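Structure first, then comments.
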Amino acid sequence: MKYYIGVDVGTGSVRSALFDSHGNLVTIATEEIKIWTPSADYYEQSSSNIWNAVIHTIKKILLDSEVRKEDIGGIGFDATCSLVVIGENDSPVTVSPSGKAECNIIMWMDHRAVDQTERINSTQHYVLKNTGGQISVEMEPPKLLWIKENLPDTWKSATHFFDLADYLTWKATGNLTRSLCCLTCKWTYQADDQGHRGWNDEFWEMIGLDDFVKEKYQRCGTDVKSPGDVCGQGLTNEAAEQLGLVPGTAVGTSIIDAHAGVLGCVGCIAEDEHFTVPDITSRMTMICGTSTCHMIMSQEAIFVPGVWGPYYSPILPGLWSAEGGQTAAGKLIDFIVETHPAYGKLKGTASDRNVHIHEVLEERLIQLTNEHKVSSMSQLTKHLHIWPDFHGNRSPLSDPSLKGMISGLTLSSDMDDLAVKYLATVQALAYGTRHIIEELVKRGHKIELIYMCGGLSKNHVYVKTHVDVTGIPAILPNEKESVLLGAAMLGASASGNFANVQDAVKQMGGKGKLIKNNNK
Numbered sequence: 000m001k002y003y004i005g006v007d008v009g010t011g012s013v014r015s016a017l018f019d020s021h022g023n024l025v026t027i028a029t030e031e032i033k034i035w036t037p038s039a040d041y042y043e044q045s046s047s048n049i050w051n052a053v054i055h056t057i058k059k060i061l062l063d064s065e066v067r068k069e070d071i072g073g074i075g076f077d078a079t080c081s082l083v084v085i086g087e088n089d090s091p092v093t094v095s096p097s098g099k100a101e102c103n104i105i106m107w108m109d110h111r112a113v114d115q116t117e118r119i120n121s122t123q124h125y126v127l128k129n130t131g132g133q134i135s136v137e138m139e140p141p142k143l144l145w146i147k148e149n150l151p152d153t154w155k156s157a158t159h160f161f162d163l164a165d166y167l168t169w170k171a172t173g174n175l176t177r178s179l180c181c182l183t184c185k186w187t188y189q190a191d192d193q194g195h196r197g198w199n200d201e202f203w204e205m206i207g208l209d210d211f212v213k214e215k216y217q218r219c220g221t222d223v224k225s226p227g228d229v230c231g232q233g234l235t236n237e238a239a240e241q242l243g244l245v246p247g248t249a250v251g252t253s254i255i256d257a258h259a260g261v262l263g264c265v266g267c268i269a270e271d272e273h274f275t276v277p278d279i280t281s282r283m284t285m286i287c288g289t290s291t292c293h294m295i296m297s298q299e300a301i302f303v304p305g306v307w308g309p310y311y312s313p314i315l316p317g318l319w320s321a322e323g324g325q326t327a328a329g330k331l332i333d334f335i336v337e338t339h340p341a342y343g344k345l346k347g348t349a350s351d352r353n354v355h356i357h358e359v360l361e362e363r364l365i366q367l368t369n370e371h372k373v374s375s376m377s378q379l380t381k382h383l384h385i386w387p388d389f390h391g392n393r394s395p396l397s398d399p400s401l402k403g404m405i406s407g408l409t410l411s412s413d414m415d416d417l418a419v420k421y422l423a424t425v426q427a428l429a430y431g432t433r434h435i436i437e438e439l440v441k442r443g444h445k446i447e448l449i450y451m452c453g454g455l456s457k458n459h460v461y462v463k464t465h466v467d468v469t470g471i472p473a474i475l476p477n478e479k480e481s482v483l484l485g486a487a488m489l490g491a492s493a494s495g496n497f498a499n500v501q502d503a504v505k506q507m508g509g510k511g512k513l514i515k516n517n518n519k
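Numbering (my numbering), first residue to last: 0 to 519.
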């Protein structure tokens with residue numbers, strides 16, 4: 000039996016997991032990572048801190064599982080779309096106004112480059128058609144332009160600019176291969192089904208980053224491969240020693256975290272034998288966590304205003320993908336709950352009962368539904384409405400300047416008020432998802448099934464509300480760590496023990512629970 004390691008670098012932690020060749024989880028380890036916030040809308044991390052967490056978590060899963068390092072067939076990495084800056088001697092170069100060298104990552108959710116984003120969008124360059132008509136402040140070109148304009152010393156001393164996932168494969172293999180997923184989805188690298196691939200010189204010159212053109216893109220990547228392709232010669236001696244693995248262990252070309260979630264879900268079939276899973280291009284995957292990503296694949300390029308993409312082959316070879324999203328999902332729920340006056344009481348109740356706070360809230364909502372004798376829980380928010388764009392709107396409005404709103408407030412501040420505000424927040428997010436789906440369908444996508452994975456997929460109110468609001472059934476994979484499984488599939492593909500990444504998806508996909516719409 001061969002085993003595969005998946006490493007997921009999320010917003011606040013590094014997680015590593017070990018899977019067998021059938022996609023069964025053996026063990027998992029998590030370590031928190033640091034976030035610096037030197038001012039409002041600035042979010043920074045350290046690549047050294049993250050790599051050390053990778054080392055610690057991989058060593059732990061090997062120790063806990065007692066699997067021999069010789070039985071590890073491959074390793075795959077996914078990460079948030081954060082920008083890493085590296086200088087001479089592979090040292091970190093600061094991206095921070097504080098000047099701290101260790102702060103060499105501008106995080107995905109950092110909004111410092113709003114002005115640069117607006118100027119880039121004002122060019123109306125045709126490459127922006129692949130980002131929904133507008134580039135997002137969360138993508139890399141605005142961040143790179145911000146660095147050039149605000150930190151000229153950093154700009155001059157940087158030898159490499161990496162998407163975080165590509166930084167990880169570089170640390171593991173010493174190879175400068177970049178992922179087609181990272182570059183097409185976050186850097187405006189161009190690829191299509193006619194075999195055309197490359198950077199657009201005119202775009203970079205137009206936005207003021209002609210340095211890259213003159214350098215022939217040496218600092219941002221020239222060797223580009225698809226996720227799951229073999230990256231370099233496998234683990235270097237140094238990386239293998241750090242991680243406790245065998246030199247040369249296969250490493251798959253990386254992928255963005257949300258896209259790893261798609262890989263971990265799309266091979267999953269329903270436990271209900273009477274339900275036929277539709278064609279892969281009719282299945283949307285929601286990766287629900289701090290933010291939520293709405294991913295859909297298609298045979299042809301379908302352009303949807305306000306939705307990122309279409310991108311060619313960033314997940315599975317030969318298929319286009321599009322990505323809608325909500326910048327604040329789990330983060331918004333946490334904010335509404337944790338800033339409420341009754342949060343202390345809620346937290347105490349959950350602690351006394353040793354359950355998650357969401358379970359306590361759901362139970363109270365069920366009680367309120369019965370007490371008020373309403374036909375469904377959704378009626379509890381009849382007079383309370385929330386606009387959820389507290390951190391801007393990613394899709395389909397593509398407006399980072401939007402703010403949130405609550406309508407229907409009263410003087411109540413007890414647990415019941417908290418429970419209803421929690422429900423209204425979940426409903427607002429669900430209607431945001433419905434808005435995204437409506438725009439996708441209007442432009443030509445067909446959506447007959449939703450896969451849901453990530454932390455919020457464990458929240459029954461969140462899942463059921465989305466199914467009822469969208470009218471589309473959902474599958475919750477039995478393997479709850481879909482993102483980690485997707486990362487492990489990249490290592491499995493690179494190992495040579497599977498024909499390709501599609502074969503790994505099929506063999507390791509597993510089954511899931513079907514959630515149906517009550518309104519049909």
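In this text, a Cβ means the ideal position worked out from N, Cα and C, and glycines have one as well. Fair warning: this is a prediction, and the values are worked out from it, not measured in the lab.
Between the CA atoms of residue 166 and residue 485 - distance to the nearest angstrom: 18 Å
My understanding is that residue 512 touches residue 475, with C-beta atoms under 8 Å, so please give their C-beta distance in whole angstroms. 5 Å
Inter-residue spacing [alpha-carbon to alpha-carbon] between residue 206 and residue 307: 20 Å
Express the C-alpha separation of residue 436 and residue 109 in angstroms, rounding to a whole number. 26 Å
Contact set for residue 31: own chain, Cβ-Cβ below 7 Å, skip 5 residues either direction: 11 and 12
With residue 105 and residue 142 assumed to form a contact (beta carbons below 8 Å), what rounded beta-carbon distance in angstroms separates them? 5 Å
Please classify residue 399 as buried or exposed, where buried requires at least 16 other C-beta atoms within 10 Å of its C-beta. buried
Assign residue 88 to buried or exposed, taking buried as 16 or more other Cβ atoms, counted over all protein chains shown, within 10 Å of its Cβ. Residue 88 comes out exposed.
Alpha-carbon spacing of residue 406 relative to residue 387, whole angstroms: If I take the Cα positions, the gap works out to 11 Å.
Ordered list of alpha helix (DSSP H) runs contained in the segment 134 to 210, each at least 4 residues: 139 to 149, 151 to 156, 163 to 172, 179 to 185 and 200 to 205
Tell me which residue opens and which closes the alpha helix (DSSP H) that residue 335 is part of. 329 to 337
Going by CA-CA distance only, name the one from 311, 402 and 455 that's closest to residue 332. 455
Suppose you measure from the CA of residue 401 to the CA of residue 197; what does that come to, to the nearest Å? 34 Å
Assuming residue 41 and residue 111 make a contact with CB atoms under 8 Å, what is their CB distance in whole Å? Confirmed, Cβ separation roughly 5 Å.
For residue 14, does the count of other Cβ atoms within 10 angstroms reach 16, so buried, or fall short, so exposed? With 16 or more other Cβ atoms within 10 Å, it is buried.
Which residues mark the beginning and the end of the beta strand (DSSP E) in which residue 384 is found? 384 to 386
Going along the chain, which residues of its own chain have a beta-carbon closer than 6 Å to the beta-carbon of residue 376, five neighbours each way excluded? 364 and 368
Quick one: is residue 495 buried, meaning 16 or more other Cβ sit within 10 Å of its Cβ, or exposed? Counting Cβ neighbours within 10 Å, residue 495 comes out exposed, since fewer than 16 surround it.
Let me make sure I understand the geometry here. Which of 305, 293 and 311 has the alpha-carbon closest to that of residue 299? 311
Answer yes or no: do residue 342 and residue 417 have a C-beta to C-beta separation smaller than 8 Å? The answer is yes: Cβ separation under 8 Å.
What's the C-alpha gap between residue 508 and residue 65? 24 Å
In the structure shown, what three-state DSSP assignment does residue 55 receive? helix
The alpha helix (DSSP H) enclosing residue 237, as first and last residue numbers: 236 to 242
When you compare the segment 229 to 236 with the segment 49 to 65, are there three or more beta-carbon pairs, one atom per stretch, that lie closer than 8 Å? no
Do residue 178 and residue 121 have their C-beta atoms within less than 8 Å of each other? no
What are the uninterrupted segments assigned as beta strand (DSSP E) that are 3 or more residues long and contained completely in the segment 29 to 116, given in chain order? 71 to 78 and 82 to 85
Along the chain, where does the alpha helix (DSSP H) that runs through residue 10 open and close? First-last for residue 10: undefined, no H or E at that position.
In the DSSP output, which residue or residues are listed as bridge partners for residue 124? Paired residues: none, contrary to the question.
Can you give me the C-alpha to C-alpha distance between residue 294 and residue 500, rounded to a whole angstrom? 18 Å
Is the beta carbon of residue 251 sitting closer than 8 Å to the one on residue 90? The answer is no: Cβ separation not under 8 Å.
Here's the rule: buried if 16 or more other CB atoms are within 10 angstroms of the residue's CB, otherwise exposed. What is residue 256? buried
To the nearest angstrom, report how far apart residue 157 and residue 34 are at their CA atoms. 21 Å
For chain D, check one thing: does any of its Cβ atoms lie closer than 8 Å to the Cβ of residue 25? The chain labelled as chain D is not found in the depicted structure, where only one protein chain is given.
Counting beta carbon pairs with one atom in the segment 172 to 191 and one in the segment 212 to 230, are three or more of them shorter than 8 Å? yes
The alpha helix (DSSP H) spanning residue 488 covers which residue range? 481 to 494
From 280, 285, 272 and 498, residue whose alpha carbon lies closest to that of residue 259: That would be 285, whose Cα lies nearest to the Cα of residue 259.
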